[in-house]
Amino acid sequence: MNPSLKLFLVLIVALEATFTSHLYVNLVIIACALAALLYHRIGWRRLSWLVVITLVPAAALFVTIVFFSPAHNVHFAWVLVTRLYVYVLTGATVSCTTSALQLVQSLEQNCHLPSKFAYGILAALNLLPRIHQEVRIIRVAGQMRGITLHWWSPRLYFKAILVASQWADQLAQAMESHGFVEGQSRTYAHRIPLASRDWLTFAVLVVALQALMIALP
Amino acid sequence: MKKGFHLRDIILLALIGIIFGVIYFAAAFVYNGLTLLLTPVGYGPLANDITMGIWCMAGPLAGFMFRLPGASFLGEFLGATVEMFLGDQWGAANLISGVVQGAGTEIGFTLTGYRIYNWLTVVLVTVATTIVTFAWDWFRNGYSQFAVHMLVVMIIVRFVSIFLFAGVLNKLIINMLTRAHVIRR
Numbered sequence: 001m002n003p004s005l006k007l008f009l010v011l012i013v014a015l016e017a018t019f020t021s022h023l024y025v026n027l028v029i030i031a032c033a034l035a036a037l038l039y040h041r042i043g044w045r046r047l048s049w050l051v052v053i054t055l056v057p058a059a060a061l062f063v064t065i066v067f068f069s070p071a072h073n074v075h076f077a078w079v080l081v082t083r084l085y086v087y088v089l090t091g092a093t094v095s096c097t098t099s100a101l102q103l104v105q106s107l108e109q110n111c112h113l114p115s116k117f118a119y120g121i122l123a124a125l126n127l128l129p130r131i132h133q134e135v136r137i138i139r140v141a142g143q144m145r146g147i148t149l150h151w152w153s154p155r156l157y158f159k160a161i162l163v164a165s166q167w168a169d170q171l172a173q174a175m176e177s178h179g180f181v182e183g184q185s186r187t188y189a190h191r192i193p194l195a196s197r198d199w200l201t202f203a204v205l206v207v208a209l210q211a212l213m214i215a216l217p
Numbered sequence: 001m002k003k004g005f006h007l008r009d010i011i012l013l014a015l016i017g018i019i020f021g022v023i024y025f026a027a028a029f030v031y032n033g034l035t036l037l038l039t040p041v042g043y044g045p046l047a048n049d050i051t052m053g054i055w056c057m058a059g060p061l062a063g064f065m066f067r068l069p070g071a072s073f074l075g076e077f078l079g080a081t082v083e084m085f086l087g088d089q090w091g092a093a094n095l096i097s098g099v100v101q102g103a104g105t106e107i108g109f110t111l112t113g114y115r116i117y118n119w120l121t122v123v124l125v126t127v128a129t130t131i132v133t134f135a136w137d138w139f140r141n142g143y144s145q146f147a148v149h150m151l152v153v154m155i156i157v158r159f160v161s162i163f164l165f166a167g168v169l170n171k172l173i174i175n176m177l178t179r180a181h182v183i184r185r
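Chains as they are written, first to last, in UniProt numbering: chain A, 1 to 217; chain B, 1 to 185.
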């Protein structure tokens, strides 16, 4: 399926799940998302991590509503637990099957996202390992002078932002000197197709979701 | 140069999102640990409020740095987008939280007419973000079922958390950046 349509579908599902409380609809969505993830051969380690880490907030909501709220509404507690899994598993169907590059390219070509945003975000994402490294360097440099920089120290953020500001300048200059012009029309080396089949799948799934909402309790 | 966001600003906003993402990644255990600690006493969801300010830091910082309409929203939203790509558990749902938190912080700056950038702005941003994110969580986490005294505690804790992290900590960073002449006045 086209990455942009997949993203919009997941956002629609998440919004509908937030403003409704249908336990069985949530369970059906979870089953579909799991099936999609298994079909795309998600690693077992990743899947079990997603399930286990979500247990923490899910258990907190469940315990609070069942034992500590005035109404002790067990049904509603299950709705909330399944809702969290709807968010996490449908979200994973996008993030585990689509790379950042594919999604951004699709948003640019199919949804007319301005190219400065598309390439700006990609440029920044590619610096991720260097940012990790830089934060580590700043901390070690602090320790050498006997200063521990915690995650709540403004100095740590200040130093990292200084470096980021320099990198942003250099990257933008480099991109512009290689011919990147904001707002200019571009040609694409990799086309992301948006076929009528994608639209059909999208429409069928959205209609099916509404039908489920009406049909199931 | 005409006003608006250019390639350099967008890269910088996304980089700031990544920096916050990288630094809080170490703090993520705080959320899970607090949730596990508070659940047996019935205050598990309070962990979300205690850490709320941390997740809302990128927006106000961008708003103070760029001083343009939309900067705060864009900063928070790009931060959330980056977090989605970094592969945390919430995936695409991050985008929705990004929109909600971004709208909250942006409203704070809108209230000042994008002219005042001092402690008053910090307070307004805190109030707006608290209200908007709480309203969203009301639906998302089913707060209608919670006891009233608990909701009062949660909203106060959320306000304090947003004030300390997204307000005070950000203001300290901004003060340092201003002294270093990184921020154009």
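Where a beta carbon is used, it is the ideal one built from N, C-alpha and C, also for glycine. Model, not experiment: these values are computed from the prediction.
Extent of the continuous alpha helix (DSSP H) run through residue i
| i | result |
| --- | --- |
| A:V25 | L23 to Y39 |
| A:D169 | P154 to S177 |
| A:E16 | P3 to F19 |
| B:D137 | W119 to R140 |
| A:M213 | S196 to A215 |
| B:Q145 | Taken as a continuous stretch (DSSP letters only), B:Q145 belongs to no alpha helix (DSSP H), as it is neither H nor E. |
| A:L80 | V74 to S95 |
| B:L49 | The amino acid at residue 49 of chain B is misidentified as Leu; the sequence shows Asp. First-last of the alpha helix (DSSP H) with B:D49: L46 to W55. |
| A:H132 | L128 to M144 |
| A:P57 | W44 to F68 |
| B:F64 | A58 to F66 |
| B:F85 | A71 to L86 |
| A:R191 | Per DSSP, A:R191 belongs to no alpha helix (DSSP H) and is neither H nor E. |
| B:V99 | A93 to L111 |
| B:T178 | N170 to R179 |
| A:S99 | Here A:S99 belongs to no alpha helix (DSSP H), and DSSP marks it neither H nor E. |
Rounded distance between the beta-carbons of residue j and residue i, thought under 8 Å
| i | j | result |
| --- | --- | --- |
| A:H190 | A:Q105 | 6 Å |
| B:T133 | B:V168 | With 8 Å as the limit, B:T133 and B:V168 do not qualify as a contact, their Cβ atoms being about 18 Å apart. |
| B:N32 | A:V56 | 5 Å |
| B:I19 | A:I131 | 6 Å |
| A:I192 | A:A160 | At roughly 33 Å, the Cβ-Cβ gap does not stay under 8 Å, so A:I192 and A:A160 are not in contact. |
| A:H22 | A:T97 | Not a contact, Cβ separation roughly 26 Å. |
| B:R158 | B:D49 | 4 Å |
| residue 263 of chain A | A:V94 | Since the first residue of chain A shown is 1 and the last is 217, residue 263 of chain A is not available in this structure. |
| A:L128 | A:A92 | With a Cβ gap of about 20 Å, A:L128 and A:A92 do not count as contacting. |
Chain-order list of residues whose beta-carbon lies under 6 Å from that of residue i (same chain, five-residue window excluded)
| i | result |
| --- | --- |
| B:L38 | G44, L46 and A47 |
| B:A166 | G53, C56, M57 and P60 |
| B:M1 | At B:M1 the pLDDT is 43, less than 50, meaning the model places this residue with poor confidence; the figure from the coordinates comes in the next sentence. There are no such residues. |
| A:E182 | K116 |
| A:L80 | L61 |
| A:A123 | L171 |
| B:F77 | G98 and G102 |
| A:N110 | S4 and L194 |
Own chain, CB closer than 7 Å to residue i, minus 5 neighbours either side, in chain order
| i | result |
| --- | --- |
| A:F202 | L5 and L9 |
| A:S165 | none |
| A:L27 | T82 |
| A:R155 | L149 |
| A:H72 | V66 |
| B:I173 | L61 |
| A:M1 | D198 and T201 |
| B:Y117 | F64 and R67 |
| A:L125 | A100 |
Cβ neighbours of residue i in the same chain (closer than 8 Å, five flanking residues each side left out)
| i | result |
| --- | --- |
| A:R186 | S115 |
| B:G70 | F5 and E106 |
| B:L68 | K3, G4, F5 and Y114 |
| A:V13 | I29, V86, T90 and L209 |
| A:A35 | none |
| residue 234 of chain B | This structure cannot speak to residue 234 of chain B, because chain B is shown only from 1 to 185. |
| A:A118 | V104, Q105, L107 and E108 |
| residue 219 of chain A | Absent from the model: residue 219 of chain A. The displayed extent of chain A is 1 to 217, so no value can be given. |
Neighbour flag for residue i against chain D, beta carbons, 7 Å
| i | result |
| --- | --- |
| B:A28 | This model lacks chain D altogether; the protein chains it does include are A and B. |
Heavy atom of the ligand GDP within 6 Å of residue i beta-carbon
| i | result |
| --- | --- |
| B:I162 | Looking for the ligand GDP in the displayed structure turns up nothing, as the structure carries no ligands at all. |
Beta carbons nearer than 7 Å to chain A: which residues of the segment 128 to 160 of chain B have them? F139, R140, N141, G142, Q145, F146 and A147
Short of 9 Å Cβ to Cβ, which residues in the segment 131 to 143 of chain A face chain B? I131, H132, E134 and V135
Could you name the residues of the segment 44 to 62 of chain B whose beta carbon sits closer than 9 Å to any beta carbon of chain A, in the order they occur along the chain? G44, P45, L46, A47, N48, I54, M57 and L61
Along the segment 9 to 31 of chain A, where does the CB come closer than 8 Å to a CB of chain B? Name the residues. V10, L11, A14, L15, T18, F19 and S21
Would you list, in chain order, the members of the segment 66 to 83 of chain A that have their beta-carbon closer than 7 Å to a beta-carbon of chain B? F67, F68, S69, P70, A71, N73, F76 and L80
Any C-beta of chain A within less than 8 Å: which residues of the segment 95 to 107 of chain B qualify? L95 and I96
Residues of the segment 158 to 169 of chain A whose Cβ lies closer than 7 Å to any Cβ of chain B, in chain order: F158, A160, I161, L162, A164, S165, W167, A168 and D169
Which residues, taken in chain order from the segment 40 to 56 of chain A, show a beta carbon closer than 7 Å to some beta carbon of chain B? L50, I53, T54 and V56
Within 8 Å of chain A by C-beta, residues of the segment 79 to 93 of chain B in sequence order: T81, V82, M84, F85, L86, G87, Q89, W90, G91, A92 and A93
Check distances from the C-beta atoms of the segment 173 to 190 of chain A to those of chain B and list, in chain order, the residues that come in under 9 Å. Q173, M175, E176, F180 and E182
Short of 7 Å Cβ to Cβ, which residues in the segment 102 to 122 of chain A face chain B? K116, F117, G120 and I121
Scan the segment 5 to 17 of chain B for residues whose Cβ lies nearer than 7 Å to a Cβ of chain A and list them as they occur along the chain. H6, L7, R8, I10, I11, L12, A14, L15 and I16
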